[in-house]
Structure formats: C-alpha cells, structure tokens
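Chemist:
Residue numbers (this note's numbering): 406 to 515.
1. With burial defined as no fewer than 16 other Cβ atoms inside 10 Å of the residue's Cβ, what is the status of residue 469: buried or exposed?
2. Does residue 409 come out as helix, strand or coil in the three-state DSSP assignment?
3. Specify, as a first and last residue, the run of the alpha helix (DSSP H) that residue 470 falls within.
4. Taking 8 Å as the threshold (C-beta atoms), are residue 501 and residue 476 in contact?
5. Taking all protein chains shown into account, do 16 or more other C-beta atoms lie within 10 angstroms of the C-beta of residue 513, making it buried, or fewer, making it exposed?
6. Which word fits residue 412, buried or exposed, when buried means at least 16 other C-beta atoms lie within 10 angstroms of its C-beta?
7. Beta-carbon within less than 7 Å of residue 455's beta-carbon, same chain only, minus the 5 sequence neighbours each way: which residues are those?
8. Would you mind reading off the limits of the alpha helix (DSSP H) that contains residue 425?
9. Buried or exposed: residue 431, going by 16 or more other Cβ atoms within 10 Å of its Cβ?
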C-alpha cells in the first residue's frame, strides 16, 4: 500500500472517530475474533466476504469451496474403487468451477 493511500485512510478513520461514527460498533472493546480460515485469504477479500455474509449473501466461490470440503470428506470415506473414481471426477469438476469463479472475481476486482 502506498504511503499516500495509508495517510488518506488514516485521516478518514480519524475524522470518523472524531465525528463519533465509530462509537458503539458491534464488537467494540472486544478482541478481534480468531478466523483461521482467513489465514490464506487476501485481507481485502476476507473483509468483503465477511460483509457479504453479514448481509446474507454467499458468493458462488464460497458455496463451491464448501462443496469441495464436503466432497473431499466423502472421498476419504469411500473404499469402493468405482465409487472413488466417480467421487474424484466430481472433485475435479468442483475444483474447476472453484478456480473459474475465483478467477472471475479477481478479474472483476482489478
């Protein structure tokens, strides 16, 4: 982040603080929640996803990510070779959809 942008952000935060816009916010005075799932996510993306979740909107990328986790868990439980092959094909399809959705979001954000 450039120095000028940081200074602009700090001025806006200071102005909001002085005007009382930051008073009585949800979670005020409490430590930030531990969000290990955000560890490998860009900070801006994590904030955006959190805001959408609070508004009741779930991006396609997140829905697919949840489906991927469920599919991986299902694959781990399977022992039948034919069922495992089908589950791996579905996992590959979901990974492709996830990568397409993630790339579309990244292009949109540029």
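Ideal Cβ placement from N, Cα and C applies to all residues, glycine included.
Modeler: From the atom records:
1. Numbered from its first residue, the chain shown carries residue 469 at position 64. It is buried - the Cβ of residue 469 has at least 16 other Cβ atoms within 10 Å.
2. Looking up residue 409 in the chain shown gives position 4. It is helical.
3. Here residue 470 corresponds to residue number 65 of the chain shown, with the count starting at 1. Residue 470 -> alpha helix (DSSP H) spans 465-482.
4. Walking along the chain shown from the start, residue 476 turns up at place 71. Walking along the chain shown from the start, residue 501 turns up at place 96. Not a contact, by the Cβ cut-off of 8 Å.
5. Within the chain shown, numbered from 1, the residue matching residue 513 stands at position 108. The residue is exposed, with fewer than 16 neighbouring Cβ atoms inside 10 Å.
6. To locate residue 412, count along the chain shown from 1; it is residue 7. Exposed is the label assigned to residue 412, since fewer than 16 other Cβ atoms lie within 10 Å of its Cβ.
7. Position 50 of the chain shown, counting from 1, holds the residue named residue 455. Within the same chain, residue 455 has no close Cβ partners at all.
8. By one-based count along the chain shown, residue 425 stands at place 20. Residue 425: not part of any alpha helix (DSSP H); DSSP gives it neither H nor E.
9. As a position in the chain shown, residue 431 is number 26, starting the count at 1. Label assigned to residue 431: exposed.
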